[in-house]
Amino acid sequence: EEDIHKKDEL
Amino acid sequence: MNIFRLIGDMSHLLAIILLLLKMWKTRSCAGISGKSQILFALVFASRYLDLFTSFVSVYNSVMKIFFISTSLLTVYLMYFKFRATYDSNHDTFRVEFLVIPVGGLAFLVNHEFSPLEILWTFSIYLESVAILPQLFMMSKTGEAETITSHYLFALGSYRALYILNWVYRYYFEGFFDLIAVVAGCVQTILYCDFFYLYITKVLKGKRITLPA
Chain A
6 EEDIHKKDEL
Chain B
177 MNIFRLIGDM SHLLAIILLL LKMWKTRSCA GISGKSQILF ALVFASRYLD LFTSFVSVYN
237 SVMKIFFIST SLLTVYLMYF KFRATYDSNH DTFRVEFLVI PVGGLAFLVN HEFSPLEILW
297 TFSIYLESVA ILPQLFMMSK TGEAETITSH YLFALGSYRA LYILNWVYRY YFEGFFDLIA
357 VVAGCVQTIL YCDFFYLYIT KVLKGKRITL PA
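Protein chains in written order, with this note's numbering: chain A, 6 to 15; chain B, 177 to 388.
Quick look at the structure:
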């Protein structure tokens with residue numbers, strides 16, 4: 006599952 | 177990271193540098209909406225709080241720090257150093273009509289009801305409309321300097337390129353963030369009228385002037 010707290014986009 | 181995302185980020189970077197250079201070289205912030213710049217500073221400050229909670233990459237952290245610090249620098253230059261040149265009579269958009277509804281929406285429509293996530297959502301929604309005071313100011317004065325037009329074109333292109341990035345990521349990575357995509361589309365649509373003027377006027381060597 007993807008971690009929504011890790012924001013890769015700026 | 178794909179090519180659209182990279183060019184989008186570079187375009188965003190270029191926009192900010194263009195604006196700072198314009199102000200520094202002319203010692204003036206004429207034609208720039210301080211209200212939009214305050215909103216952008218608020219956008220970055222509320223979005224990049226995750227600098228303290230999670231690490232993604234050096235690129236990610238450096239860019240976040242750059243965006244926060246340059247947006248604060250821009251606000252400082254406008255409201256302190258070059259305040260005498262700030263055209264506040266034309267910068268009359270009521271920002272509370274953006275910040276309050278956007279704040280409410282961030283509480284209601286988000287991925288997770290937690291402080292950081294609500295602030296992130298708030299920043300995404302706010303960014304989509306943060307340019308409105310600037311566009312409003314241009315429509316009031318009926319003109320824009322060429323360098324200001326370049327700044328706005330780079331700033332608008334950034335989110336348009338992000339849309340291509342999201343299309344790419346949807347097909348090749350299965351990634352889809354509805355909040356970012358909808359807000360990004362709204363943001364890009366707001367620039368369309370300006371894009372048209374930029375292509376038909378500025379690229380042909382003319383200044384942007386609007387009929388009264």
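We put the CB at the ideal spot given by N, CA and C, even for glycine. In this text the structure is predicted, and so the values were computed from the model without any measurement.
Can you give me the C-alpha to C-alpha distance between residue i and residue j, rounded to a whole angstrom?
i, j, result
"H287(B)", "K257(B)", "40 angstroms"
"G318(B)", "L311(B)", "10 angstroms"
"F370(B)", "L308(B)", "12 angstroms"
"K182(B)", "S204(B)", "According to the sequence shown, residue 182(B) is Leu rather than Lys. Approximately 31 angstroms between the Cα atoms of the pair."
"I241(B)", "S247(B)", "10 angstroms"
"Y374(B)", "V251(B)", "25 angstroms"
"F329(B)", "I355(B)", "23 angstroms"
"L253(B)", "M199(B)", "8 angstroms"
"P277(B)", "V305(B)", "11 angstroms"
"C368(B)", "C361(B)", "11 angstroms"
"K201(B)", "I323(B)", "11 angstroms"
"D353(B)", "A359(B)", "10 angstroms"
"I365(B)", "W342(B)", "16 angstroms"
"L15(A)", "L190(B)", "15 angstroms"
"V232(B)", "L197(B)", "30 angstroms"
"G184(B)", "L249(B)", "22 angstroms"
"P291(B)", "S187(B)", "30 angstroms"
"Y334(B)", "D267(B)", "24 angstroms"
"A228(B)", "L302(B)", "Note that residue 228(B) is Phe in the sequence shown here, rather than Ala. The straight-line gap from Cα to Cα measures roughly 22 angstroms."
"G381(B)", "Y372(B)", "14 angstroms"
"G280(B)", "L218(B)", "16 angstroms"
"H10(A)", "Q363(B)", "23 angstroms"
"Y347(B)", "N265(B)", "47 angstroms"
"K316(B)", "S230(B)", "43 angstroms"
"K12(A)", "N236(B)", "9 angstroms"
"A260(B)", "F289(B)", "43 angstroms"
If I measure Cβ to Cβ from residue i and keep anything under 6 angstroms in the same chain, skipping five residues before and after, which residues do I get?
i, result
"R345(B)", "F351"
"M314(B)", "A320"
"F243(B)", "F220"
"L331(B)", "A191"
"L386(B)", "G318"
According to DSSP, residue i sits in a beta bridge with which residue or residues?
i, result
"A320(B)", "I384(B)"
I'd like the list of long-range same chain contacts for residue i, defined as Cβ closer than 8 angstroms, with 5 residues on each side in sequence excluded.
i, result
"I294(B)", "A282, F283, N286"
"V430(B)", "In this structure chain B extends from 177 to 388, so residue 430(B) is not present and cannot be described."
"F216(B)", "S247, T250, E303, A306"
"Y255(B)", "G210, Y262"
Going along the chain, which residues of its own chain have a beta-carbon closer than 7 angstroms to the beta-carbon of residue i, five neighbours each way excluded?
i, result
"L337(B)", "F180, I183, G184, S187"
"I384(B)", "E319, A320, S325, L373, K377, V378"
Would you say residue i reaches chain E, if we count a Cβ-Cβ gap shorter than 8 angstroms as a contact?
i, result
"K382(B)", "Checking the listed chains, one finds no chain E in this structure; the protein chains it contains are A and B."
For this session: Give, in chain order, every residue of the stretch 265-277 of chain B whose Cβ lies closer than 8 angstroms to some Cβ of chain A.
Result: none
Exercise. So does the stretch 208-225 of chain B actually touch the stretch 287-302 of chain B, counting three or more Cβ pairs closer than 8 angstroms?
Worked result: The stretch 208-225 of chain B, when compared against the stretch 287-302 of chain B, does touch it at the 8 angstroms Cβ threshold.
For this session: Report the residues of the stretch 276-310 of chain B with a CB closer than 9 angstroms to any CB of chain A, ordered along the chain.
Result: H287, E288, S290, L292, E293, W296
Exercise. Residues in the stretch 226-237 of chain B with C-beta within 9 angstroms of chain A's C-beta atoms, listed in sequence order?
Worked result: D226, T229, S230, F231, V232, S233, N236
For this session: Please determine if the stretch 262-276 of chain B and the stretch 203-218 of chain B are in contact, where contact requires at least 3 C-beta pairs separated by less than 8 angstroms.
Result: yes
Exercise. Taking Cβ-Cβ distances below 9 angstroms as the criterion, which residues of the stretch 186-207 of chain B are in contact with chain A?
Worked result: H188
Exercise. Taking a cut of 8 angstroms between CB atoms, which residues from the stretch 354-368 of chain B lie near chain A?
Worked result: A356
For this session: Please list the residues of the stretch 239-269 of chain B that have a C-beta atom closer than 9 angstroms to any C-beta atom in chain A, keeping them in chain order.
Result: M239, K240, F243
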